[in-house]
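Residue numbers (my numbering), protein chains in the order written: chain A, 48 to 392; chain B, 48 to 392. Think of the CB as a built atom: it goes at the ideal place given N, C-alpha and C, for glycine as much as any other residue. These numbers were taken from a predicted model, which means no experiment stands behind them. Below is one structure, written out as structure tokens; the observations come after it.
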């Protein structure tokens with residue numbers, strides 16, 4: 048298992064960790080955004096300019112072609128088995144750079160420094176690496192835990208608000224999976240202060256929820272599916288946005304998906320109606336309206352193509368109450384259409 | 048840890064193992080040779096014709112392009128996480144098919160059925176998967192243990208003699224790493240009878256040597272390097288052959304490499320001279336003469352580029368006596384040139 052370090056001194060920590068690696072054997076993967084906004088926080092950590100590998104921004108760059116490019120650059124830089132690859136950026140950089148490191152010479156050392164809230168709270172734990180393939184997200188990849196993940200919320204100071212709330216949706220999810228207490232706490236967060244020491248502590252607690260679940264089930268055979276809470280409905284909203292060419296954040300879809308999962312939990316698992324309304328209202332005040340009006344049938348058919356399904360129908364994680372979840376809950380088409388109708392009221 | 052099964056009823060065993068996988072979810076990776084010579088032994092195991100994925104023969108096909116092709120075919124066939132990929136062939140098929148399976152949806156089920164002696168005795172254990180990249184062998188890959196490896200020496204009945212002795216070099220290596228007794232036994236093998244029940248037993252013992260070493264050190268940080276015995280010199284002969292466009296088998300290079308390692312062990316580790324001569328003569332009677340006359344300097348410079356080196360010089364595994372080996376033995380240029388001179392006498 049790798050180590051996750053919460054700090055506001057990322058450069059110092061990285062320097063200590065890779066002190067034994069000669070400078071020419073250090074490689075840094077960034078994209079244009081993280082190079083511009085985040086690299087300055089690594090001041091004092093030495094890399095050769097030719098060992099800084101910049102990849103394109105966004106999901107479109109998360110491809111086999113880009114991994115190929117990273118491997119070429121590692122080869123040209125003379126990377127060896129004891130070289131270290133440091134990935135500095137959002138989920139695209141850490142997922143892709145992690146995959147590249149995991150396969151180069153069957154695995155070189157890897158440190159992830161996630162710089163967006165989404166990647167800090169989600170992609171930082173669990174060792175999922177990968178790239179998109181033939182239109183499917185993260186279709187090619189491996190489970191590979193980086194030896195160190197450094198989470199420094201100073202990076203969040205420059206993060207656009209839309210991206211802050213994108214990552215925050217996963218934190219709401221973690222709180223729901225954890226307890227009433229966590230849920231209370233998360234709904235009091237000041238989203239204007241995400242670079243504060245207080246927020247670093249909340250981030251640490253949120254990541255701990257995911258860590259506990261992943262530790263129990265590293266390869267997603269069982270309980271790890273709990274982390275799909277909100278992602279079945281969310282996937283449909285996200286896929287619809289992609290197909291419609293909308294600019295729409297992953298976490299915003301997850302937030303909508305959480306509303307769906309909560310409504311379904313009220314319908315099927317006796318989740319408290321009043322509490323459901325409180326959470327749903329809270330979510331609705333934070334997240335922008337979904338920019339289109341897909342029909343329930345359209346969304347349902349997108350759900351059918353979710354890779355979380357195994358042939359037994361549409362697979363949900365649902366909840367009796369905060370902290371009490373059930374994985375592998377299959378819902379009928381009618382139940383799904385009913386919930387979509389409630390959501391769109 | 049995966050299971051390795053030694054049998055002469057490969058079809059029955061495979062049928063039992065994949066009985067629970069619906070036929071459309073089964074995929075078979077072959078090359079032209081294994082399709083022609085080996086597929087008939089799987090009679091009675093059902094695959095859809097469109098799920099049989101044929102890749103090119105030989106090291107030239109062991110590329111990212113070919114893996115890409117296998118992933119496309121898996122995607123087109125609707126492979127899911129609980130699908131099974133069966134790799135039937137030599138090391139190229141099992142290494143490449145294993146890599147493809149390990150990365151598709153972050154890992155689908157995988158069964159290897161090695162059909163050459165080299166792949167049965169070597170590639171079947173240890174979970175090394177991978178493809179060649181930018182001229183380097185197995186440069187991109189992962190460690191991933193298939194859930195089952197089936198070794199059936201019936202396949203060897205159709206294997207050309209040159210390929211039999213190619214795999215056999217690894218068996219000599221295993222015997223050297225194991226004990227005097229194993230060495231005695233291996234030098235009495237009848238290489239005309241490799242499809243016999245007796246040979247299946249010898250194969251089982253040989254594979255067990257590798258299993259023990261790999262179990263101790265799955266990711267090759269330490270003792271697993273013992274398996275590099277003969278491969279430092281061997282690598283130089285192999286690289287020279289590739290650069291000169293010679294047709295020359297991996298195992299034949301290993302056999303020459305073993306001669307080098309034994310001579311070096313006499314020189315530096317007190318390996319018994321008489322025993323060394325016995326083994327070296329035995330090897331020389333089996334293997335053809337090396338077809339070229341590279342200079343010692345040429346071979347030395349190829350050794351410098353071996354990926355087993357870590358910057359401290361050329362890294363050897365050497366022996367005090369059969370069963371007693373030392374990893375990470377660094378030898379000087381003069382020692383290496385001396386041994387190459389003795390070998391070429």
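Separation of residue j from residue i, as counted between CA atoms
i                      : j                      : result
residue 52 of chain B  : residue 253 of chain B : 14 Å
residue 365 of chain A : residue 289 of chain A : 26 Å
residue 324 of chain B : residue 267 of chain B : 31 Å
residue 319 of chain A : residue 368 of chain A : 7 Å
residue 272 of chain B : residue 375 of chain B : 8 Å
residue 49 of chain B  : residue 133 of chain B : 14 Å
residue 261 of chain B : residue 61 of chain B  : 25 Å
residue 217 of chain A : residue 82 of chain B  : 49 Å
residue 124 of chain B : residue 234 of chain A : 45 Å
residue 406 of chain B : residue 74 of chain B  : Only positions 48 to 392 of chain B appear in this structure, which leaves residue 406 of chain B out of reach.
residue 348 of chain A : residue 80 of chain B  : 43 Å
residue 177 of chain B : residue 151 of chain A : 10 Å
residue 128 of chain A : residue 93 of chain B  : 41 Å
residue 294 of chain A : residue 219 of chain A : 22 Å
residue 341 of chain A : residue 328 of chain A : 21 Å
residue 86 of chain B  : residue 212 of chain B : 23 Å
residue 68 of chain A  : residue 131 of chain A : 7 Å
residue 359 of chain B : residue 154 of chain A : 21 Å
residue 149 of chain B : residue 142 of chain B : 10 Å
residue 144 of chain A : residue 296 of chain A : 21 Å
residue 102 of chain A : residue 112 of chain A : 10 Å
Contact set between residue i and chain B, taken where Cβ atoms lie within less than 8 Å
i                      : result
residue 154 of chain A : 189, 190 and 266
residue 122 of chain A : 180, 181, 183 and 186
residue 149 of chain A : 189
For residue i: DSSP bridge partner residues
i                      : result
residue 390 of chain A : Residue 390 of chain A is not bridged to any residue.
residue 377 of chain A : A/362
residue 198 of chain A : A/53
residue 192 of chain B : For residue 192 of chain B, which the question treats as bridged, DSSP gives no partner whatsoever.
residue 368 of chain B : B/371
residue 131 of chain A : A/73 and A/156
residue 207 of chain B : Residue 207 of chain B pairs with nothing; no bridge assigned.
residue 183 of chain A : A/180
residue 101 of chain B : B/77
Contact list for residue i against chain A, beta-carbon separation under 7 Å
i                      : result
residue 118 of chain B : 180 and 187
residue 115 of chain B : 111
Of the residues the options, the one placed nearest residue i, counting alpha carbons only
i                      : options                       : result
residue 118 of chain B : B/138, B/137, B/105 and B/146 : B/146
residue 339 of chain B : B/237, B/291 and B/169        : B/291
residue 126 of chain A : A/110, A/156 and A/309        : A/156
residue 382 of chain A : A/158, A/350, A/106 and A/64  : A/350
residue 251 of chain B : B/169, B/76 and B/370         : B/169
residue 42 of chain B  : B/294, B/334 and B/144        : The question about residue 42 of chain B has no answer, for chain B in this structure spans 48 to 392.
residue 56 of chain A  : A/237, A/160 and A/309        : A/160
residue 224 of chain A : A/275, A/122 and A/389        : A/275
residue 385 of chain B : B/315, B/138 and B/112        : B/315
residue 108 of chain B : B/185, B/317, B/63 and B/230  : B/185
residue 361 of chain A : A/180, A/373, A/371 and A/379 : A/379
residue 64 of chain B  : B/158, B/103, B/263 and B/114 : B/158
residue 237 of chain A : A/215, A/222, A/221 and A/228 : A/215
residue 336 of chain B : B/390, B/104 and B/230        : B/390
residue 180 of chain A : B/141, B/179, B/143 and B/120 : B/120
residue 246 of chain A : A/281, A/277, A/371 and A/198 : A/198
residue 99 of chain A  : A/310, A/196 and A/72         : A/72
residue 222 of chain A : A/269, A/196, A/182 and A/277 : A/277
residue 230 of chain B : B/66, B/326 and B/346         : B/326
residue 343 of chain B : B/363, B/373, B/388 and B/311 : B/388
residue 88 of chain B  : B/54, B/352 and B/103         : B/54
residue 249 of chain B : B/264, B/228 and B/116        : B/228
residue 256 of chain B : B/269, B/279, B/226 and B/281 : B/226
Contact list for residue i against chain B, beta-carbon separation under 7 Å
i                      : result
residue 177 of chain A : 153
Answer yes if the segment 239–247 of chain B comes into contact with the segment 182–195 of chain B, meaning at least three C-beta pairs across the two stretches below 8 Å, and no otherwise.
No, they do not touch.
Does the segment 299–314 of chain A come into contact with the segment 280–288 of chain A, if we say contact requires no fewer than three beta-carbon pairs (one atom in each stretch) closer than 8 Å?
Taking 8 Å as the limit for Cβ pairs, the verdict is that the segment 280–288 of chain A does touch the segment 299–314 of chain A.
Decide if the segment 197–208 of chain B is in contact with the segment 162–169 of chain B; the criterion is three or more beta carbon pairs, one per stretch, under 8 Å apart.
Result yes; three or more Cβ-Cβ pairs closer than 8 Å.
Count the CB pairs spanning the segment 206–224 of chain B and the segment 170–181 of chain B that are closer than 8 Å, and state whether there are at least three.
Touching, no.
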